[in-house]
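K.L.:
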Amino acid sequence: MTGSGGFCPECGDAVAERPEPRPGAPRADSDALCDRCYFDEFDFIDAPERVQVSVCGRCGAVHRGNRWVDVGAVDYTDIAIDAVSEALSVHIDADDVEWGVEPEQVDETTIRMHCTFSGIVRETLLEEELIVPVRIAKEVCDRCGRIAGGYYASIVQVRADGREPSDEEAAEAIEIAESYVAGKEADGDREAFITEIDTDDDAGPTIKLSTNKLGQAVANRITDRFGGTVDDHPTLVTEDSDGNEVYRVTFVARLPKYTAGDVVDPGDGEGPVLVRSAHNNLTGRRLTTGDPYEASGDGDGLPTVDPIGHRRDAVETTVVTVEDEHSIQLLDPDTYEAKTVARPDFVDSDAETVPVLKDGGDVYIIPEKT
1 MTGSGGFCPE CGDAVAERPE PRPGAPRADS DALCDRCYFD EFDFIDAPER
51 VQVSVCGRCG AVHRGNRWVD VGAVDYTDIA IDAVSEALSV HIDADDVEWG
101 VEPEQVDETT IRMHCTFSGI VRETLLEEEL IVPVRIAKEV CDRCGRIAGG
151 YYASIVQVRA DGREPSDEEA AEAIEIAESY VAGKEADGDR EAFITEIDTD
201 DDAGPTIKLS TNKLGQAVAN RITDRFGGTV DDHPTLVTED SDGNEVYRVT
251 FVARLPKYTA GDVVDPGDGE GPVLVRSAHN NLTGRRLTTG DPYEASGDGD
301 GLPTVDPIGH RRDAVETTVV TVEDEHSIQL LDPDTYEAKT VARPDFVDSD
351 AETVPVLKDG GDVYIIPEKT
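Sequence positions in the sequence shown follow the UniProt record's numbering and run 1 to 370.
#1: Per DSSP, what kind of secondary structure is S154 in: helix, strand or coil?
#2: Going by beta-carbon coordinates alone, are V120 and F193 separated by less than 7 Å?
#3: Consult DSSP for C37 and reduce its assignment to one of helix, strand or coil.
#4: Can you tell me whether S30 is buried or exposed? The criterion is at least 16 other CB atoms within 10 Å of its CB, across all chains shown.
#5: Measure the C-alpha to C-alpha separation of T321 and L330 and round it to an integer number of angstroms.
#6: Could you pull out every residue in the same chain whose Cβ sits closer than 8 Å to the Cβ of C59, ignoring the five residues on either side in sequence?
#7: Is there contact here, the segment 206 to 213 with the segment 153 to 172, by at least three beta-carbon pairs under 8 Å?
#8: Compute the beta-carbon to beta-carbon distance between V263 and L274, rounded to the nearest angstrom, for a pair I have assumed lies under 8 Å.
#9: Who are the near neighbours of V181 in its chain, counting only those whose CB is closer than 6 Å to its CB and skipping five residues on each side?
#10: Evaluate contact between the segment 75 to 91 and the segment 50 to 67, counting only Cβ atoms and requiring at least three cross-stretch pairs below 8 Å.
#11: Under 7 Å, do V237 and A219 count as touching if we go by C-beta distance?
#12: For I366, which residues in the same chain have their Cβ closer than 6 Å to its Cβ, ignoring the five residues on either side in sequence?
#13: Do V55 and I136 count as a contact pair if the criterion is CB distance below 7 Å?
#14: Check whether the Cβ atoms of P48 and A87 lie closer than 7 Å to each other.
#15: Where Y317 and T288 are concerned, what is the direct C-alpha to C-alpha distance, given to the nearest angstrom?
#16: Closest to H279 by C-alpha separation, out of A160, A217, V97, G149, would be which residue?
#17: Tell me where the beta strand (DSSP E) around D107 begins and ends.
#18: Check whether the Cβ atoms of S89 and D46 sit closer than 7 Å, and answer yes or no.
#19: Cα-Cα, which of V319, S327, F346, K213 is closest to Y336?
#20: Counting along the chain, where does the alpha helix (DSSP H) carrying I79 start and finish?
#21: Going by CA-CA distance only, name the one from E98, D224, T283 that's closest to C115.
#22: What residue does the beta strand (DSSP E) around E138 start on, and which one ends it?
#23: What does the alpha-carbon distance come out to for the pair T353 and G228?
#24: Which same chain residues end up closer than 6 Å to D300 when comparing Cβ atoms and leaving out the 5 residues on each side of it in sequence?
#25: The beta strand (DSSP E) with R285 in it runs from where to where?
#26: For A342, which beta-bridge partners are listed by DSSP?
#27: DSSP on Y336, reduced to helix/strand/coil?
#28: Using only CA atoms, which one of N281, D242, V252 lies nearest to residue 378?
#29: How is the alpha helix (DSSP H) around K184 delimited, first residue to last?
#30: Grouping DSSP H, G and I as helix and E and B as strand, with all else coil, what is I366?
#31: Measure the alpha-carbon distance for G104 versus N66 and round it to whole angstroms.
#32: Using a 10 Å radius around the Cβ and a threshold of 16 neighbouring Cβ atoms, would you call D187 buried or exposed?
#33: Please report the Cβ distance between C8 and A32, rounded to the nearest whole angstrom; I am assuming they are in contact, meaning their Cβ atoms lie under 8 Å.
#34: My assumption, with CB atoms under 8 Å, is that G204 sits in contact with V249. Please give the rounded CB distance.
#35: Output needed for E127: all residues of its chain with C-beta closer than 6 Å, excluding positions within five of it in sequence on either side, in chain order.
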């Protein structure tokens with residue numbers, strides 16, 4: 001503590017000694033004032049007469065600066081408290097500041113905030129109370145406006161090669177899209193949303209999304225799950241304010257020709273195959289022997305015919321007798337005649353019935369698991 005000496009330039013009274021400022025920092029002009037004159041010009045709290053907060057009436061986002069922000073507020077009172085906290089400022093000379101607020105709901109869109117403050121300035125305890133009205137202005141944020149207007153930038157069509165996607169595939173593809181978009185929303189991406197999901201087309205579901213990046217990511221994740229390919233087809237729709245071309249892109253997530261559980265004939269004379277997976281490679285199990293089967297590719301261009309059927313089409317039939325390790329006699333499920341067929345290694349010699357699938361006059365035993 002060193003003596004600043006001198007007298008107050010306002011009233012002429014002697015001025016008490018003031019602490020030296022930090023090294024390199026200039027001494028404040030107010031240090032020259034005595035306490036009485038200093039407090040005559042002192043504003044402990046700087047507060048606006050009222051605060052207005054724009055809140056989206058649909059999603060609850062708050063407009064701050066030039067953007068909308070998801071604040072996760074429980075109700076408008078939480079939003080009002082946050083807004084007042086940002087609008088108020090305490091004098092820089094105040095130490096040990098404490099403050100509290102008590103909201104008073106005047107009506108649906110007006111909250112009166114009763115604020116109390118205390119702090120130490122020049123070793124003097126100051127206390128102040130003030131009321132700040134907060135008005136909640138309901139608007140519609142950019143995101144909700146786009147959703148309400150049916151805006152979309154990309155389309156994901158879930159299709160299959162030479163067939164219709166199964167109900168299970170369609171439902172899981174939609175779940176993949178919804179889960180991924182929900183994750184982006186949870187991460188704070190306000191540009192991410194699903195505009196519409198159309199399940200009326202027998203060819204497969206169609207999903208409209210808010211951005212091309214989102215459409216690409218969803219299509220990739222669907223084919224990552226099921227296999228297949230993604231094709232994109234951009235369409236010029238407009239130009240932005242800077243003259244840049246804006247494209248809407250349709251992504252076709254085309255699933256493989258075959259699915260787990262399909263029974264197909266590779267045409268190699270060794271009998272049909274129960275498909276385990278068509279993801280990258282076509283893999284499965286021979287129904288004549290039980291041996292594993294694998295062919296490179298995703299099903300396109302392989303020496304196959306149309307699927308013979310599906311394991312869900314299998315019916316139970318009676319085992320007449322096990323002839324040897326390679327043959328077994330069954331009742332034909334249609335004619336009930338005894339018929340000798342190939343016995344694959346997955347058939348239990350003690351089995352009394354087995355599930356079978358017919359292809360013309362041929363009967364094939366289906367394993368319980370692929």
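A virtual CB, placed ideally from N, CA and C, is assigned to each residue, including glycine.
P.N.:
To lay it out plainly:
#1: strand
#2: Before going further, note that residue 120 is Ile rather than Val in the sequence given. Going by C-beta atoms, I120 is not nearer than 7 Å to F193.
#3: helix
#4: exposed
#5: 7 Å
#6: D70, C141, R143, C144
#7: yes
#8: 6 Å
#9: A192, I194
#10: yes
#11: Remark: C-beta atoms of V237 and A219 do not approach each other more closely than 7 Å.
#12: R311, A314, P355, L357
#13: yes
#14: It is a contact, given that the beta carbons lie within the stated cut-off.
#15: Note that residue 317 corresponds to Thr in the displayed sequence, not to Tyr. The alpha-carbon atoms of T317 and T288 are separated by roughly 17 Å.
#16: A160
#17: 95 to 107
#18: yes
#19: V319
#20: 76 to 87
#21: Restricting attention to E98, D224, T283, the CA atom closest to the CA of C115 is found in E98.
#22: It is Lys, not Glu, that sits at residue 138 in the sequence shown. It spans 124 to 139 - the beta strand (DSSP E) in which K138 sits, taken as one unbroken run.
#23: Answer to the nearest angstrom: the Cα atoms are 37 Å apart.
#24: Unreliable placement is indicated for D300, whose pLDDT of 48 sits below 50; the coordinate value is still reported in the next sentence. Around D300: no qualifying Cβ.
#25: R285: member of the beta strand (DSSP E) spanning 282 to 286, first to last residue.
#26: Looking at the DSSP output, A342 sits in a beta bridge with S327.
#27: DSSP places Y336 in coil when its eight states are reduced to three.
#28: The requested residue 378 does not occur in the structure, where the chain is confined to residues 1 to 370.
#29: 167 to 186
#30: In the three-state scheme derived from DSSP, where H, G and I count as helix and E and B as strand, I366 is classed as coil.
#31: This sequence places Glu at residue 104; Gly is not what is there. So the two alpha carbons sit approximately 29 Å from each other.
#32: exposed
#33: 7 Å
#34: 18 Å between Cβ atoms; not a contact.
#35: S118
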